[in-house]
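J.:
Protein chains: 2
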Amino acid sequence: MSQDLSLQKFGFIKRDTPRTVNLDPLQTGGLLTPEAREALLEWGDGYSVCDYCGGMLDQIKTPPIFDFVHKSLPSFIGMDHARVTNGARESKFAIMHAMTSPGDWIVMDGNAHYSSIVAAQRARLNVKLVPKTPAPDYKITPEAYAAAIEEVKQQSGKPPALALLTYPDGSYGNLADAKAITNLAHDFGVPIIINGAYAIGRMPFKGKDLGADFVAGSGHKSMAASGPVGVLGVNEQYAAKVLQKSPTHKNKEIEFLGCTARGATIMTMIASFPAVVERTKPESWEKEVSNARWFSEQMESIGMKQLGDKPHNHDLMFFEGTVFYDISQKTDRYFLYRELKEKSIHGIKPGLTKNFKLSTLGVGREKLGFVMDTLKDIIKKYDG
Amino acid sequence: MSQDLSLQKFGFIKRDTPRTVNLDPLQTGGLLTPEAREALLEWGDGYSVCDYCGGMLDQIKTPPIFDFVHKSLPSFIGMDHARVTNGARESKFAIMHAMTSPGDWIVMDGNAHYSSIVAAQRARLNVKLVPKTPAPDYKITPEAYAAAIEEVKQQSGKPPALALLTYPDGSYGNLADAKAITNLAHDFGVPIIINGAYAIGRMPFKGKDLGADFVAGSGHKSMAASGPVGVLGVNEQYAAKVLQKSPTHKNKEIEFLGCTARGATIMTMIASFPAVVERTKPESWEKEVSNARWFSEQMESIGMKQLGDKPHNHDLMFFEGTVFYDISQKTDRYFLYRELKEKSIHGIKPGLTKNFKLSTLGVGREKLGFVMDTLKDIIKKYDG
Numbered sequence: 014m015s016q017d018l019s020l021q022k023f024g025f026i027k028r029d030t031p032r033t034v035n036l037d038p039l040q041t042g043g044l045l046t047p048e049a050r051e052a053l054l055e056w057g058d059g060y061s062v063c064d065y066c067g068g069m070l071d072q073i074k075t076p077p078i079f080d081f082v083h084k085s086l087p088s089f090i091g092m093d094h095a096r097v098t099n100g101a102r103e104s105k106f107a108i109m110h111a112m113t114s115p116g117d118w119i120v121m122d123g124n125a126h127y128s129s130i131v132a133a134q135r136a137r138l139n140v141k142l143v144p145k146t147p148a149p150d151y152k153i154t155p156e157a158y159a160a161a162i163e164e165v166k167q168q169s170g171k172p173p174a175l176a177l178l179t180y181p182d183g184s185y186g187n188l189a190d191a192k193a194i195t196n197l198a199h200d201f202g203v204p205i206i207i208n209g210a211y212a213i214g215r216m217p218f219k220g221k222d223l224g225a226d227f228v229a230g231s232g233h234k235s236m237a238a239s240g241p242v243g244v245l246g247v248n249e250q251y252a253a254k255v256l257q258k259s260p261t262h263k264n265k266e267i268e269f270l271g272c273t274a275r276g277a278t279i280m281t282m283i284a285s286f287p288a289v290v291e292r293t294k295p296e297s298w299e300k301e302v303s304n305a306r307w308f309s310e311q312m313e314s315i316g317m318k319q320l321g322d323k324p325h326n327h328d329l330m331f332f333e334g335t336v337f338y339d340i341s342q343k344t345d346r347y348f349l350y351r352e353l354k355e356k357s358i359h360g361i362k363p364g365l366t367k368n369f370k371l372s373t374l375g376v377g378r379e380k381l382g383f384v385m386d387t388l389k390d391i392i393k394k395y396d397g
Numbered sequence: 014m015s016q017d018l019s020l021q022k023f024g025f026i027k028r029d030t031p032r033t034v035n036l037d038p039l040q041t042g043g044l045l046t047p048e049a050r051e052a053l054l055e056w057g058d059g060y061s062v063c064d065y066c067g068g069m070l071d072q073i074k075t076p077p078i079f080d081f082v083h084k085s086l087p088s089f090i091g092m093d094h095a096r097v098t099n100g101a102r103e104s105k106f107a108i109m110h111a112m113t114s115p116g117d118w119i120v121m122d123g124n125a126h127y128s129s130i131v132a133a134q135r136a137r138l139n140v141k142l143v144p145k146t147p148a149p150d151y152k153i154t155p156e157a158y159a160a161a162i163e164e165v166k167q168q169s170g171k172p173p174a175l176a177l178l179t180y181p182d183g184s185y186g187n188l189a190d191a192k193a194i195t196n197l198a199h200d201f202g203v204p205i206i207i208n209g210a211y212a213i214g215r216m217p218f219k220g221k222d223l224g225a226d227f228v229a230g231s232g233h234k235s236m237a238a239s240g241p242v243g244v245l246g247v248n249e250q251y252a253a254k255v256l257q258k259s260p261t262h263k264n265k266e267i268e269f270l271g272c273t274a275r276g277a278t279i280m281t282m283i284a285s286f287p288a289v290v291e292r293t294k295p296e297s298w299e300k301e302v303s304n305a306r307w308f309s310e311q312m313e314s315i316g317m318k319q320l321g322d323k324p325h326n327h328d329l330m331f332f333e334g335t336v337f338y339d340i341s342q343k344t345d346r347y348f349l350y351r352e353l354k355e356k357s358i359h360g361i362k363p364g365l366t367k368n369f370k371l372s373t374l375g376v377g378r379e380k381l382g383f384v385m386d387t388l389k390d391i392i393k394k395y396d397g
């Protein structure tokens with residue numbers, strides 16, 4: 014196409030990551046369904062969903078965005094209202110920005126994703142982190158949460174403007190006692206966001222049942238959608254504030270700058286939605302949890318320790334141990350990545366050997382067995 | 014997949030809009046190149062670009078995001094620094110939010126896109142619109158711009174915190190005298206954003222040559238990328254402010270919440286980039302302008318009046334006249350949409366007959382001739 018030499022590195026680029034087995038916590042829940050792959054090509058062009066738009070993305074009847082956003086999605090996440098956003102972090106920022114003023118306080122769990130903290134910083138809030146319990150549990154307890162709210166009260170003279178709970182967190186896959194924590198936040202009069210970026214689309218999740226006033230979810234992380242795309246849930250009590258419309262442009266919601274996911278992103282989310290509903294049913298999720306626990310036991314049998322909740326209740330797990338680290342001391346730190354790549358197993362970050370996280374979501378017992386066999390073979394090869 | 018009846022409307026959905034000829038101003042610049050369609054499938058999975066990410070999206074070497082964001086893109090948009098964002102409106106909000114405090118004033122042209130106004134409202138700014146000249150020109154003059162800045166000075170005691178110019182605007186495709194307007198903004202000490210959502214990726218554009226301190230561009234509108242995706246440009250003077258990093262997470266930029274376009278969106282932008290560079294070369298753009306002018310003349314020959322700049326300098330044009338409206342009075346207001354759909358011509362909004370906008374970008378003289386023949390046939394059919 015172009016004669017310009019500096020442009021030759023662009024254009025279509027192959028993705029060379031081996032992906033026969035994918036254990037990347039960022040990726041297992043975002044792998045597209047066949048329906049989503051079809052939707053990508055069908056709706057990939059810019060502004061494709063706007064063919065019949067009368068001015069509000071969420072009101073589009075063809076394709077059925079209205080029904081998705083106003084009927085199925087609120088019911089799926091168990092909240093009064095839902096919107097599709099550009100990602101979980103964008104949902105969190107929109108909520109924080111709408112609900113607070115610069116200088117206000119937000120309390121969040123010490124396992125919070127960095128993007129929750131950065132969103133709070135962007136909203137110019139003061140952040141109080143709830144300390145987690147020491148290794149190896151790293152739990153967020155209601156008691157510690159209450160203490161953090163008390164501290165803010167004492168420090169600033171009033172309760173924090175907002176609270177946030179990560180459910181589960183992205184490091185250990187820990188599921189805190191959400192109900193107890195939202196209850197106590199409400200006892201202090203503090204509305205609370207549940208960041209369900211690793212829950213919504215993976216496991217049964219109903220925001221209201223957990224006591225959430227707001228929820229954030231991620232399409233590309235956990236709803237088999239092509240990102241950036243996320244969901245935002247808000248209950249009636251705070252809907253007017255979060256979904257406020259422009260005073261000059263009556264059909265444009267301010268926090269979403271009028272509209273958000275305009276093309277392939279929302280259409281892949283809709284394409285995968287029936288499959289996502291299916292995989293989040295209790296009986297599907299129980300199988301996933303059982304696979305995760307089996308994998309955790311297997312890993313412990315080769316000398317790696319699983320941190321966080323035990324027995325584990327989520328596909329995302331953190332492992333620590335010296336078995337691979339010791340080998341890396343004799344070879345190099347990339348040996349594990351290389352050996353796994355050789356078997357087309359992806360997901361443990363290049364260079365990590367002593368501690369790493371991974372996800373077993375949707376991998377299935379057979380492939381998880383293959384991973385374990387591979388890991389055992391690697392140990393044999395280097396320790397032999 | 015799912016047995017749930019209410020889910021049957023979701024899954025993969027066909028797009029039924031006829032698209033042999035597409036004149037939709039929102040869509041002509043966002044149609045994917047063949048390379049981008051390949052990239053969609055290759056990188057469609059959530060977080061696909063993060064395989065080799067060390068914590069900063071713009072620093073990823075494989076695929077060559079670093080080279081794109083830090084070398085090719087700044088040179089392409091003619092600015093010191095560039096970032097890839099979730100869209101032009103997100104770029105504008107990020108700039109406004111970083112550069113101002115709530116209650117500050119922003120001056121923008123009266124042809125500004127609604128999302129510029131909503132972005133300013135989200136940043137809690139006061140907006141002063143520069144009036145446009147009366148019909149049929151709707152021009153933004155430097156004199157009117159200076160007067161608006163003066164008004165803000167008198168009203169608030171100081172110059173506005175920021176200014177914005179839409180170049181070209183999305184209603185008339187008018188290209189204001191950007192150089193004169195940025196110069197006078199600078200005379201008042203006001204930094205200025207050029208919203209190039211309909212320029213960057215369509216026509217030759219160098220932000221600095223136009224005197225911009227910041228620019229916003231749209232991937233899905235004008236860079237043949239699958240959205241939501243956009244670009245942000247900033248010059249050295251304001252880079253530290255707009256690209257400020259989190260005090261706690263040293264490699265995360267606050268206004269982008271850490272990272273933005275994570276998968277197919279940035280990769281389709283990169284895939285189309287060589288073709289986009291090609292189509293924005295002066296010789297390519299001259300052909301587009303010549304096609305637009307030819308189409309404008311043809312439309313005037315059947316009784317429609319082209320508003321805005323004349324002769325026209327952009328592919329986006331606004332037409333007004335009663336020839337189709339008169340027919341709609343005898344039939345119904347959807348006749349024009351129906352008749353064009355019959356010939357697989359898309360882009361004039363359903364129901365519009367008296368005034369409508371369209372874009373001739375990339376359509377080519379032959380297909381534009383087919384559109385004109387079709388319009389003449391429609392007139393004959395109903396007036397006969």
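Heads up: the sequence lines are chains A and B, in that order. Using my numbering, you'd call the opening residue of the first sequence number 14 and step up by one each time. Using my numbering, you'd call the opening residue of the second sequence number 14 and step up by one each time. Where is the CB? At the ideal position from N, CA and C, for every residue including glycine. Here the structure is a predicted model, which means the values were calculated and not measured.
Is B:A250 buried or exposed, if buried means 16 or more other CB atoms sit within 10 Å of its CB?
T.: Ala is not the amino acid found at residue 250 of chain B; the sequence shown has Gln there. Counting Cβ neighbours within 10 Å, B:Q250 comes out exposed, since fewer than 16 surround it.
J.: From the DSSP secondary-structure annotation, give me the bridge partner or partners of B:Q319.
T.: In DSSP, B:Q319 forms a bridge with B:F332.
J.: Residues of the segment 94 to 106 of chain A in Cβ contact with chain B at a cutoff of 9 Å, in chain order, please.
T.: So the close ones are N99, G100, R102, E103, K105, F106.
J.: Per DSSP, what kind of secondary structure is B:V140 in: helix, strand or coil?
T.: Correct three-state label for B:V140: strand.
J.: What is the DSSP secondary structure of B:N248, counted as helix, strand or coil?
T.: In this structure, B:N248 counts as coil in the three-state DSSP scheme.
J.: Let's test the definition: count the other Cβ atoms within 10 Å of the Cβ of A:N196 and tell me whether it reaches 16, buried, or not, exposed.
T.: Burial call: exposed.
J.: Using beta-carbon positions only, say whether A:I153 and A:D122 come within less than 8 Å of one another.
T.: It is a contact, given that the beta carbons lie within the stated cut-off.
J.: I need the boundaries of the beta strand (DSSP E) containing B:G178, first residue and last residue.
T.: The question names Gly, yet the displayed sequence has Leu at residue 178 of chain B. Segment 175 to 179, the beta strand (DSSP E) holding B:L178.
J.: Any contact of the segment 224 to 231 of chain A with the segment 292 to 306 of chain A, i.e. 3+ C-beta pairs under 8 Å?
T.: The answer is no - the segment 292 to 306 of chain A does not touch the segment 224 to 231 of chain A, with fewer than three Cβ pairs under 8 Å.
J.: Alpha carbon to alpha carbon, how far is A:G377 from B:S15? Give it in angstroms, no decimals.
T.: Only weak support is given to the placement of B:S15: the predicted model assigns it a pLDDT of 47, under 50, and the question is left unresolved by the model.
J.: Would you say the segment 18 to 30 of chain B touches the segment 241 to 259 of chain B, given that touching needs at least three Cβ pairs under 8 Å?
T.: No, the segment 18 to 30 of chain B is not in contact with the segment 241 to 259 of chain B.
J.: Does the distance from the C-beta atom of A:E268 to that of A:H110 stay below 8 Å?
T.: In this structure, A:H110 lies closer than 8 Å to A:E268 by Cβ.
J.: Which of the three DSSP states is assigned to A:K258 in this structure?
T.: It is a strand residue.
J.: Measuring CA to CA, which of B:D71, B:H359, B:V82 is closest to B:F286?
T.: Of B:D71, B:H359, B:V82, the residue nearest in Cα terms is B:V82.
J.: Checking contacts by CB at 8 Å: is A:H327 closer than that to chain B?
T.: Cβ-Cβ to chain B under 8 Å: no for A:H327.
J.: Residue ranges of each beta strand (DSSP E) run of no fewer than 3 residues wholly in the segment 49 to 109 of chain B, ordered along the chain?
T.: Listed in chain order, they are 94 to 98.
J.: What is the DSSP secondary structure of A:F201, counted as helix, strand or coil?
T.: Three-state DSSP puts A:F201 in coil, outside helix and strand.
J.: Confirm, please, whether the CB-CB distance from B:K323 to B:E333 is below 8 Å.
T.: Contact: no.
J.: I need the boundaries of the alpha helix (DSSP H) containing A:V131, first residue and last residue.
T.: A:V131 -> alpha helix (DSSP H) spans 127 to 135.
J.: For B:I361, which of helix, strand or coil comes out of DSSP?
T.: In the structure shown, B:I361 sits in coil (DSSP, three-state: anything other than H, G, I, E or B).
J.: Say whether chain A places a C-beta atom closer than 8 Å to the C-beta of B:P181.
T.: Chain A contact via Cβ: absent.
J.: If I'm right that B:P217 touches B:T278 with Cβ under 8 Å, what's the distance once you round it to whole angstroms?
T.: Wrong, their Cβ atoms sit about 24 Å apart, outside the cutoff.
J.: Tell me, to the nearest whole angstrom, how far the beta carbon of A:S184 is from that of A:N264; I am working on the premise that it is less than 8 Å.
T.: The pair is not a contact, with the Cβ atoms about 41 Å apart (cut-off 8 Å).
J.: If contact is defined by three or more beta carbon pairs under 8 Å, each pair taking one atom from either stretch, is the segment 136 to 154 of chain B in contact with the segment 100 to 119 of chain B?
T.: Contact between the segment 100 to 119 of chain B and the segment 136 to 154 of chain B is present, because at least three Cβ pairs lie under 8 Å.
J.: Just verifying my parser: in three-state terms, what is the DSSP assignment at B:A229?
T.: Here B:A229 sits in strand by DSSP.
J.: Decide yes or no for the touch test of the segment 234 to 248 of chain A against the segment 36 to 50 of chain A: beta carbon pairs closer than 8 Å, at least 3 of them.
T.: Because the criterion of three Cβ pairs below 8 Å is met, the segment 234 to 248 of chain A and the segment 36 to 50 of chain A touch.
J.: Flag B:M280 as yes if its beta-carbon sits less than 8 Å from any beta-carbon of chain A, otherwise no.
T.: Yes, B:M280 lies at the interface with chain A (some Cβ there is under 8 Å from its Cβ).
J.: Determine whether the Cβ of B:S297 lies closer than 8 Å to any Cβ atom of chain A.
T.: Not an interface residue.
J.: A:G57: buried (16+ other C-beta within 10 angstroms of its C-beta) or exposed?
T.: Burial call: buried.
J.: Go ahead and label A:A161 buried or exposed: buried means 16 or more other beta carbons lie within 10 angstroms of its beta carbon, across all protein chains shown.
T.: Under this definition A:A161 is a buried residue.
J.: Per DSSP, what are the beta-bridge partners of B:E266 in this structure?
T.: Answer is B:K258, B:G271.
J.: Buried or exposed, going by whether 16 or more other CB atoms sit within 10 Å of the CB of B:G43?
T.: Under this definition B:G43 is a buried residue.
J.: Check each candidate in A:Y127, A:L20, A:R32 and name the one with the smallest Cα separation from A:K380.
T.: Out of A:Y127, A:L20, A:R32, A:R32 has the C-alpha closest to the C-alpha of A:K380.
J.: Ignore the nearest five residues each way along the sequence and tell me which others in A:D396's own chain have a CB closer than 8 Å to its CB.
T.: So the qualifying residues of the chain are I340.
J.: Kindly identify the DSSP beta-bridge partner or partners of B:F218.
T.: According to DSSP, which records beta bridges pairwise, B:F218 is partnered with nothing at all.
J.: Answer with yes or no whether the minimum CB distance from A:L20 to chain B is below 8 Å.
T.: Yes, its Cβ sits closer than 8 Å to a Cβ of chain B.
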